[in-house]
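Down below is the structure, laid out as structure tokens.
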Amino acid sequence: MFYFNLFKQAKYVLCITSLTLISTPLWAENAPAAILTTQAPAVGLQENRAVLTLDQAIQLAQQYQPLQTLWQSRLEIAEGNLKQSSLWQNPEISFEQTGFKSTVEQERSFAVSQKLDLFGVRSAKKKLATITLDSEATRQLAYQAQLKLAVTAAYWRVAQAERQLQLIQAQSRLSEASEQAAKRRLEAGRIAEVEYSRVLIAHQQVLTQLAMAQAGLKEVRFQLARLWGNTQPVFISTAALTSNNIWPELDEAGLNVSILQDSPQQQLLQQQQKQAQARLVLAKAQSKPQPTVSLGINQTRIPSMQNDMDNRLTLGVSMPIPVFNRNQGIIQATQALSHISMDQQRYNVSLREQQIQAGLIRLNALSSQYQQLQQHQLPLAKSIQQKTLEGFEVGKFSVTEVQQATREYQTIQFNQLQLLSQAWQLSLQMQAISLGLSGEFDMNDANYMDNSQLQLWQDTLSIPLMGTGE
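Read left to right, the sequence shown gives residues -28 to -1, 1 to 442 (mature numbering (1 follows the signal peptide of the UniProt record, and there is no 0)).
Printed below as a string of structure tokens:
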């Protein structure tokens, strides 16, 4: 990202304040009891010129519903498929006549035929459509979890940019004081003009970095506010700017529970397994020969019998002989898909558990390194930098020594920021893993929700429509 690259160029780092990652599953808080689109959106919460908390940002994004029409359309498609799956196949009417002259024997036949469902094809289709309808509510919960994760990442990017700007502003004041002190010493003839020029160049570089930091903050504020449809953010700052809780916190037990039971993605996998089983039942039912029953009347007129009509009631049954096609290929493929779905669930759970454990080990290692910098190296480097600057004021140290002490202090700050940034990215990534989004989520991708929404539109257009009952 723009603001992080700036730190790499300037080798500045800051003590980022935190937004503690809530251990409550992202979908569990305020989870709807039914299809989300059947509920009215939240009202009353607006972005104000005040400090913005993470919870407020999430609520603003949740009440903004650009996909409400799409969700309603998906629901209508699923309900339409369910309705279609319950329909019987239409009956057939047939009429046949032989002999058209009055001098010859004439025969007419009229019949109504209906294909019967003796092996549960219609009920299997209905069950499959019901599972698909139920999965729409889970998909909306999964989308809300994605949105909450994206808002948290965007909020954290703003917090980083705010503290970056805060640090560079402090560095700007310090640089200006150094420039003024060097100017006074130059006027007093205590340093050479070339040394003053070096200080002035360094000060100009800080001013350039300050302008870049301001532009970077403006960019990430826009990215955050865009999640609730506002292209001109008005909030003053994030609450993270004044928080004392810097390091991200994760609940290991909560993450594992979400993997095994509660997460919408896990529920979707379970529903996919149910769909695979329902398709197998449907394929087996369709492999059975379905009889067709017909009921009709035959009318016969013989000229020698003075045009009297002979009416006879007919009843018939026809049934295909399953000699060649018994859906062998479809059943085999459906069974394989069902087994793959079961294996996928077990593999995903095992893989995600391993990824969470590896992430927690790495997070603990980063925490130890961070504490070492925070408690020992950073205070010492700050003290040396301040004393060197004070000594420069009275002529004890040279410009080179002041710049060296400042660079050492900034290098430690840069290392601290890297550790903190890695920790937050890792913690959000583990949340994504617990939700089953590890392959999709990128903390630094400002277009994550845009891409997710575009994919949702495309998936909706690809939803298969249920054909007539057979």
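Idealized CB from N, CA, C, for every residue including glycine.
Legend entry - Buried or exposed (CB count within 10 angstroms, at least 16 for buried), M438: buried
Legend entry - Beta-carbon spacing of Y36, G201 below 7 Å: yes
Inset, instruction - Could you tell me whether the Cβ atoms of I140 and L182 are closer together than 7 Å? - result: yes
Legend entry - Nearest candidate by alpha-carbon position, reference S339, set I30, Q245, L392: L392
Inset, instruction - Give a yes or no on whether the C-beta atoms belonging to L121 and S235 are separated by under 7 Å. - result: no
Inset, instruction - Confirm, please, whether the CB-CB distance from A29 to T104 is below 7 Å. - result: no
Inset, instruction - Tell me whether E167 sits in a helix, a strand or coil according to DSSP, three-state version. - result: helix
Legend entry - Backbone secondary structure at F369 - three-state DSSP: coil
Legend entry - Beta-bridge partners of G288, as assigned by DSSP: S266
Inset, instruction - Indicate whether V192 and R129 have their beta-carbon atoms separated by less than 7 Å. - result: yes
Legend entry - T306 vs A255 beta-carbon contact at 7 Å: yes
Legend entry - 8 Å CB neighbourhood of Q243 in its chain, flanking five on each side removed: I103, D106, S107, T110
Legend entry - Opening and closing residue of the beta strand (DSSP E) in which T70 lies: 64 to 70
Legend entry - Three or more C-beta pairs below 8 Å linking the segment 78 to 85 and the segment 262 to 278: yes
Inset, instruction - With a 10 Å radius around its C-beta and 16 neighbouring C-beta atoms as the bar for buried, classify Q132 as buried or exposed. - result: buried
Legend entry - Which of helix, strand or coil DSSP assigns to E1: Here the model assigns E1 a pLDDT of 49, short of 50, so the residue's position is not dependable and the matter cannot be decided.
Inset, instruction - Determine contact between the segment 145 to 152 and the segment 418 to 437, defined as no fewer than three beta-carbon pairs at a distance below 8 Å. - result: no
Legend entry - Whether A185 touches L222 by CB criterion (7 Å): no
Legend entry - the segment 61 to 72 touching the segment 85 to 96, judged by at least three CB pairs closer than 8 Å: yes
Inset, instruction - Would you mind stating whether V366 and E167 have Cβ atoms separated by less than 7 Å? - result: no
Inset, instruction - In the DSSP assignment, find the beta strand (DSSP E) that holds S81 and state where it starts and stops. - result: 78 to 87
Legend entry - Length of the line joining the Cα atoms of N20 and V178: 32 Å
Legend entry - Distance between T25 and L400 (C-alpha atoms, nearest Å): 18 Å
Legend entry - H311 Cβ short of 6 Å to the ligand ZN heavy atom set: No copy of the ligand ZN appears in this structure; indeed no ligand is present at all.
Legend entry - Limits of the unbroken alpha helix (DSSP H) element including T104: 93 to 159
Inset, instruction - Give the straight-line distance between the Cα atoms of Q376 and A212, rounded to the nearest whole angstrom. - result: 32 Å
Legend entry - Touching by the beta-carbon criterion (3+ pairs, under 8 Å), the segment 248 to 263 and the segment 293 to 308: yes
Inset, instruction - Say whether the segment 410 to 430 touches the segment 345 to 363, bearing in mind that this needs 3 or more beta-carbon pairs closer than 8 Å, one atom from each stretch. - result: no
Inset, instruction - Indicate the three-state DSSP secondary structure (helix, strand or coil) for V206 in the structure shown. - result: coil
Inset, instruction - May I have the straight-line CA-CA distance separating E373 from T360, to the nearest angstrom? - result: 7 Å
Inset, instruction - Please look up how many angstroms separate the CB atoms of N53 and A101, rounded, as I've assumed it's under 8 Å. - result: 5 Å
Legend entry - Cα-Cα separation, Q238 to E134: 36 Å
Legend entry - Inter-residue Cα distance where the pair is Q31 and L196: 13 Å
Inset, instruction - Using the Cα positions of V171 and T210, report the straight-line distance between them to the nearest angstrom. - result: 34 Å
Inset, instruction - Please look up how many angstroms separate the CB atoms of Q346 and Q388, rounded, as I've assumed it's under 8 Å. - result: 7 Å
Inset, instruction - Go ahead and pull the three-state DSSP assignment for V192. - result: helix
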